[in-house]
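Chemist: Got a structure here, written out as structure tokens. Questions coming.
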Amino acid sequence: MTATGSITVAPCSRIAGELRMPGDKSVSHRAAMLAALANGSSTLSGFLASEDCLNTLSAVEALGAGVERDGTTVTITGTGGTFRPAEGALDLGNSGTGMRLLAGLLAGQTFETELTGDASLCSRPMRRIQEPLEAMGAHVTLTGDTGTAPMRVGGAPLHAISYPLPVASAQVKSCILLAGLYAEGTTTVIEPRPTRDHTEQLLRGMGVPVNVDGLSVSVDGCGSQGPQLTAGSITVPGDFSSAAFWIVAAACRPGSQVTIRNVGLNPRRTALLDVLKRMGAGLSITPTSGADAAEPIGDITVDGSPLYGTTVEGDEIPNLIDELPLVAVAGAMAEGATVIRGAGELRVKESDRIATTVAMLQAVGVQVEEAPDGMTVTGGPVSGGASIDSRGDHRIAMCGAILGLVGRGPVDVVNVDCIATSYPSFWEDLDRVSCRGKDNVTFVIAIDGPAASGKSTVAKRVAAALDDAFYVDSGAVYRGIAWAALERRVDVHDADAVARMLDELDVGFFTRDGAVGFGIDGVEPGMAIRTPAVNNAVSPIAVIPAVRVQVVKWLQGMVSLGTLVMEGRDIGTAVFPETPLKFYLDASPEERVRRRHREMAADNAIDEEEVGASLRRRDKIDSSRKMDPLQVASGAVRIDSTAMGIDQVVDTIVAAVERDGGAWR
6 MTATGSITVA
16 PCSRIAGELR
26 MPGDKSVSHR
36 AAMLAALANG
46 SSTLSGFLAS
56 EDCLNTLSAV
66 EALGAGVERD
76 GTTVTITGTG
86 GTFRPAEGAL
96 DLGNSGTGMR
106 LLAGLLAGQT
116 FETELTGDAS
126 LCSRPMRRIQ
136 EPLEAMGAHV
146 TLTGDTGTAP
156 MRVGGAPLHA
166 ISYPLPVASA
176 QVKSCILLAG
186 LYAEGTTTVI
196 EPRPTRDHTE
206 QLLRGMGVPV
216 NVDGLSVSVD
226 GCGSQGPQLT
236 AGSITVPGDF
246 SSAAFWIVAA
256 ACRPGSQVTI
266 RNVGLNPRRT
276 ALLDVLKRMG
286 AGLSITPTSG
296 ADAAEPIGDI
306 TVDGSPLYGT
316 TVEGDEIPNL
326 IDELPLVAVA
336 GAMAEGATVI
346 RGAGELRVKE
356 SDRIATTVAM
366 LQAVGVQVEE
376 APDGMTVTGG
386 PVSGGASIDS
396 RGDHRIAMCG
406 AILGLVGRGP
416 VDVVNVDCIA
426 TSYPSFWEDL
436 DRVSCRGKDN
446 VTFVIAIDGP
456 AASGKSTVAK
466 RVAAALDDAF
476 YVDSGAVYRG
486 IAWAALERRV
496 DVHDADAVAR
506 MLDELDVGFF
516 TRDGAVGFGI
526 DGVEPGMAIR
536 TPAVNNAVSP
546 IAVIPAVRVQ
556 VVKWLQGMVS
566 LGTLVMEGRD
576 IGTAVFPETP
586 LKFYLDASPE
596 ERVRRRHREM
606 AADNAIDEEE
616 VGASLRRRDK
626 IDSSRKMDPL
636 QVASGAVRID
646 STAMGIDQVV
656 DTIVAAVERD
666 GGAWR
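Under my numbering, the first residue of the sequence shown is numbered 6, with each subsequent residue one higher.
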């Protein structure tokens, strides 16, 4: 495999859509190998046609199995328990799974076979399978310089062993169990922690008893004649590790929603879901398994929301080892620190995934501290505008693309051809759920500023000037909560009471006449949110932390409605800090007083001095509140409208959107 090619991925305001994942790579490898040994023909539906898995098909065909492929359906005619010698070395490409599992099956054959692969595979540790296989009596020769492939294996009768794994590894466990099928006696593997059990599941489905007692897994051997596996139909589930990229992307982008159909839900693979739930992501699962499914299958729906840091360690590590770089990506987008420890196995994957993940995050401005067995990621702005080198590692390449989607600026991902080893349709799926897709072009224009700076008038006019854009008055949402509190006779100064009320409110948002409106408990409050009573109640309501957190979630969720022109006081700093379309409107204090006085003069007699005092009080409240104070967002275009007319301000913003909006789309 050559690690070449590059592509630039730009931010997207919303990740949305439905996807069906290609077949699970781990299951595809194992199903092909076991079907190749079975008695009769097996049909594998949903087989992953990736470079790695196609190399496995070529290998078993070279060993005597019959292979016919029609898209993702593969028919394999088995050899009846033992392989035939291959002509020449078997090239497994980039697949550690392919090499280690085939080594187990070949260890008990009566002939020797040479296994090789690309430069990455031939740099990965193989003594971890050499030692137990030699303990069983196999001949294993590693010809690499540091205990690595190429390797020669086989040519000797095997005896059973009981082997405690030094490191939790499903590949090493499977290698020993598969060799145990050709041994005399019962072979037992003792795991330090539970790992994925696809091999055990498939063996049972093909008629081989597998005994599990706590962390011990055992099979009874059949000697040199090999196992008698029953051929049949196997449905390969959608690959959870591939689905994980979209699950994390949607979880990181509030307002997003992605559904993954018919994905594998083996509990030894889905620890990522538990981690994301702890971090605050919205997740739901609907089982859909059929009778011939090799694994539990279901639909996963993820709703984006603000994430919070967590710690990942212990038994979780083996069951999300492939997804740990994505956990780090989620940590970069979360509030607080995310700690990954006990994951030293990442050092010996297709790349040193601790080092490559740290380098990837640092390239986009994330604070991350590397440890021997993990890292600590401190959430903060993901700046983008960087180049990320995958170093030929398919999962790092895809993580880099996800950072480009959810960060603040485009990311150039270098060496992306390696993605074909596991997920050939990755870029097509990215287009389906992101703003790169033709049917999902939405973005957010954030307009902040102090009172009487012209935000509302300008934002309405900008929304009207753009196609299919909706105006959002964020302050109206706070007013709606204040109105609801008054209607329910809730003390607006009692933060706990207001928080309890929030949990009970049924709030829905809709678009009408070019703007986003809302209803509370089935009622549209309309102008009732503009009464003097609400005017007095909204300030104490707006400083309650629970209110601000909830309103931010609601505002972020509005991206599902389409392109937004949202005005307020913290849109570019707290609600949509990642949008590059940020504007801060201001004017001189004297001009703001004159504007507000003109607005109010038609309704009641009030002098400019009183208006000025009111604005100064409001400015002090806005700029000094502890949570999300009024300030100029990083990267915002600051517009002083003191000497500008409304048309000039609107034209300035529309021109900037037309110039820069393409990167956001």
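All C-beta atoms, glycine included, are put in the ideal place defined by N, C-alpha and C.
DSSP three-state label for residue 144, please.
Modeler: Numbered from its first residue, the sequence shown carries residue 144 at position 139. Reduced to three states, the DSSP call for residue 144 is coil.
Chemist: Would DSSP call residue 288 helix, strand or coil?
Modeler: Here residue 288 refers to the residue found at position 283 when the sequence shown is read from its first residue. It is a strand residue.
Chemist: Could you give the first and the last residue of the continuous alpha helix (DSSP H) run that contains residue 238?
Modeler: Numbered from its first residue, the sequence shown carries residue 238 at position 233. No alpha helix (DSSP H) holds residue 238; the beta strand (DSSP E) holding it covers 238–240.
Chemist: Identify every residue that forms a DSSP beta bridge with residue 672.
Modeler: The structure shown does not extend to residue 672, since the chain is modelled only from 6 to 670, so the question has no answer here.
Chemist: Could you compute how far the alpha carbon of residue 304 sits from the alpha carbon of residue 538?
Modeler: Taking the sequence shown and counting its residues from 1, the one referred to as residue 304 is at position 299. Taking the sequence shown and counting its residues from 1, the one referred to as residue 538 is at position 533. Cα-Cα distance, rounded: 48 angstroms.
Chemist: With three or more C-beta pairs closer than 8 angstroms as the rule, is the stretch 59–66 touching the stretch 85–101?
Modeler: Short answer: they touch.
Chemist: Ignore the nearest five residues each way along the sequence and tell me which others in residue 358's own chain have a CB closer than 8 angstroms to its CB.
Modeler: Position 353 of the sequence shown, counted from the start, is the residue given in the question as residue 358. Cβ neighbours of residue 358 beyond the five flanking positions: 329, 330, 351, 352, 398, 400, 401.
Chemist: If you run the structure through DSSP and keep just helix, strand and coil, what is residue 651?
Modeler: The residue you call residue 651 lines up with position 646 of the sequence shown. DSSP places residue 651 in helix when its eight states are reduced to three.
Chemist: By Cβ distance, which residues of its chain are closer than 7 angstroms to residue 146, with the 5 residues on each side in sequence left out?
Modeler: One-based indexing of the sequence shown puts residue 146 at position 141. Here the set comprises 156, 157.
Chemist: Name the two residues that bound the continuous beta strand (DSSP E) containing residue 516.
Modeler: The residue labelled residue 516 in the question sits at position 511 within the sequence shown. Per DSSP, residue 516 belongs to the beta strand (DSSP E) from 512–517.
Chemist: Do you know how far the Cα of residue 436 is from the Cα of residue 442?
Modeler: One-based indexing of the sequence shown puts residue 442 at position 437. One-based indexing of the sequence shown puts residue 436 at position 431. With a pLDDT of 49 at residue 442, under the threshold of 50, the modelled position of that residue is not reliable, and the figure given next carries that caveat. So the alpha carbons of these two residues sit roughly 4 angstroms apart.
Chemist: What residues are listed by DSSP as bridge partners for residue 568?
Modeler: Position 563 of the sequence shown, counted from the first residue, corresponds to residue 568. Its beta-bridge partners are 474.
Chemist: Output the distance between the C-alpha atoms of residue 316 and residue 381, rounded to the nearest integer angstrom.
Modeler: Counting from 1 along the sequence shown, the entry for residue 316 is found at position 311. Counting from 1 along the sequence shown, the entry for residue 381 is found at position 376. In a straight line, the C-alpha of residue 316 is about 9 angstroms away from that of residue 381.
Chemist: Tell me the DSSP secondary structure of residue 169 in three-state form.
Modeler: Position 164 of the sequence shown holds residue 169. In the structure shown, residue 169 sits in a strand (DSSP, three-state: E or B).
Chemist: Give me the Cα-Cα distance between residue 549 and residue 500, rounded to the nearest whole angstrom.
Modeler: The residue labelled residue 549 in the question sits at position 544 within the sequence shown. The residue labelled residue 500 in the question sits at position 495 within the sequence shown. Spanning the two alpha carbons is a distance of roughly 6 angstroms.
Chemist: Write down the C-beta distance between residue 671 and residue 543 rounded to the nearest angstrom, noting that I regard them as a contact closer than 8 angstroms.
Modeler: The question about residue 671 has no answer here: the residues shown for the chain are numbered 6 through 670.
Chemist: I want to know whether the stretch 32–41 touches the stretch 245–264 - three or more CB-CB distances under 8 angstroms.
Modeler: Too few Cβ pairs lie closer than 8 angstroms, so no.
Chemist: Are the stretch 17–25 and the stretch 205–218 touching, with three or more C-beta to C-beta distances below 8 angstroms?
Modeler: As far as the Cβ criterion goes, the stretch 17–25 does not touch the stretch 205–218, which means the pair count is below three.
Chemist: Applying the criterion that 16 or more other CB atoms from any shown protein chain within 10 Å of the CB defines a buried residue, is residue 444 buried or exposed?
Modeler: On the sequence shown, position 439 is the one that residue 444 refers to. Since pLDDT at residue 444 reaches only 45, below the 50 mark, its modelled position is unreliable, and no value is offered.
Chemist: Near residue 377, which residues of its chain fall below 7 angstroms by C-beta distance, leaving aside the five closest residues on each side in sequence?
Modeler: Indexing the sequence shown from 1 puts residue 377 at position 372. 349, listed in sequence order.
Chemist: Measuring only the C-alpha atoms, how far is residue 587 from residue 492?
Modeler: Along the sequence shown, read from residue 1 onward, the residue named residue 587 stands at position 582. Along the sequence shown, read from residue 1 onward, the residue named residue 492 stands at position 487. The alpha-carbon atoms of residue 587 and residue 492 are separated by roughly 35 angstroms.
Chemist: Quick one: residues in its chain with C-beta nearer than 6 angstroms to the C-beta of residue 667, no 5 flanking neighbours on either side, listed in chain order?
Modeler: For the purposes of this step, residue 667 is taken as residue 662 along the sequence shown, with counting starting at 1. Because the pLDDT of residue 667 is 45, which lies under 50, any placement of that residue in the model is unreliable, and the question is left without a value.
Chemist: Where does residue 420 land, buried or exposed, given buried means 16+ other C-beta within 10 angstroms?
Modeler: As a working mapping, residue 420 is identified with position 415 in the sequence shown. Buried, by the Cβ-count rule.
Chemist: Since I believe residue 280 is in contact with residue 332 (beta carbons under 8 angstroms), could you give me their beta-carbon distance rounded to a whole number of angstroms?
Modeler: Taking the sequence shown and counting its residues from 1, the one referred to as residue 332 is at position 327. Taking the sequence shown and counting its residues from 1, the one referred to as residue 280 is at position 275. About 6 angstroms; that satisfies the 8 angstroms criterion.
Chemist: Could you give the uninterrupted runs of the alpha helix (DSSP H) lying entirely in the stretch 489–566, keeping only those of 4 residues or more?
Modeler: Fully enclosed alpha helix (DSSP H) runs of 4 or longer: 500–509, 537–547, 550–562.
Chemist: Does the stretch 452–464 touch the stretch 549–563, meaning 3 or more C-beta pairs lie closer than 8 angstroms?
Modeler: The answer is no - the stretch 452–464 does not touch the stretch 549–563, with fewer than three Cβ pairs under 8 angstroms.
Chemist: Three or more beta-carbon pairs under 8 angstroms between the stretch 66–85 and the stretch 264–277, yes or no?
Modeler: These segments do not touch.
Chemist: Which residues in the same chain as residue 34 place their Cβ atom closer than 8 angstroms to its Cβ, once the five residues preceding and following it in sequence are excluded?
Modeler: Position 29 of the sequence shown, counted from the start, is the residue given in the question as residue 34. Counting only Cβ-Cβ distances below 8 angstroms, and skipping sequence neighbours, we find 57, 58, 61, 100, 102, 103, 106.
Chemist: How is the beta strand (DSSP E) around residue 230 delimited, first residue to last?
Modeler: In the sequence shown, the residue the question calls residue 230 occupies position 225. That residue, residue 230, is in no beta strand (DSSP E); it is neither H nor E in DSSP.
Chemist: Name the DSSP beta bridge partners of residue 157, please?
Modeler: Residue mapping note: residue 157 aligns to position 152 of the sequence shown, counting from 1. The partner list for residue 157 (beta bridge, DSSP) reads 119, 146.
Chemist: Let me confirm a value: residue 121 is counted as buried when at least 16 other C-beta atoms fall within 10 Å, else exposed. Which label applies?
Modeler: Position 116 of the sequence shown holds residue 121. By the neighbour-count rule (16 or more Cβ atoms within 10 Å), residue 121 is buried.
Chemist: Exposed or buried, residue 374, counting other C-beta atoms within 10 Å across all chains shown (16 or more means buried)?
Modeler: Working through the sequence shown from its first residue, we reach residue 374 at position 369. So residue 374 counts as exposed.
Chemist: Evaluate residue 161 with the Cβ neighbour count: other Cβ atoms within 10 Å of its Cβ, from every protein chain shown; 16 or more gives buried, anything less gives exposed.
Modeler: By one-based count along the sequence shown, residue 161 stands at place 156. When all chains shown are included, residue 161 counts as buried.
Chemist: So, is residue 446 buried or exposed, given that buried needs 16 or more other C-beta atoms within 10 angstroms?
Modeler: The residue given as residue 446 occupies position 441 in the sequence shown. Residue placement at residue 446 is poorly supported in this model, since its pLDDT is 47, which falls under 50; the coordinates still yield a value, given next. The residue in question, residue 446, is buried, as its Cβ has 16 or more Cβ neighbours within 10 Å.
Chemist: Does the Cβ of residue 92 have 16 or more other Cβ atoms within 10 Å, making it buried, or fewer, making it exposed?
Modeler: The residue labelled residue 92 in the question sits at position 87 within the sequence shown. Residue 92 comes out exposed.
Chemist: Label residue 527 either buried or exposed according to how many other C-beta atoms from any shown protein chain fall within 10 Å of its C-beta, with 16 as the threshold for buried.
Modeler: Reading the sequence shown from its first residue, position 522 is the one you call residue 527. Exposed: under 16 other Cβ atoms inside 10 Å.
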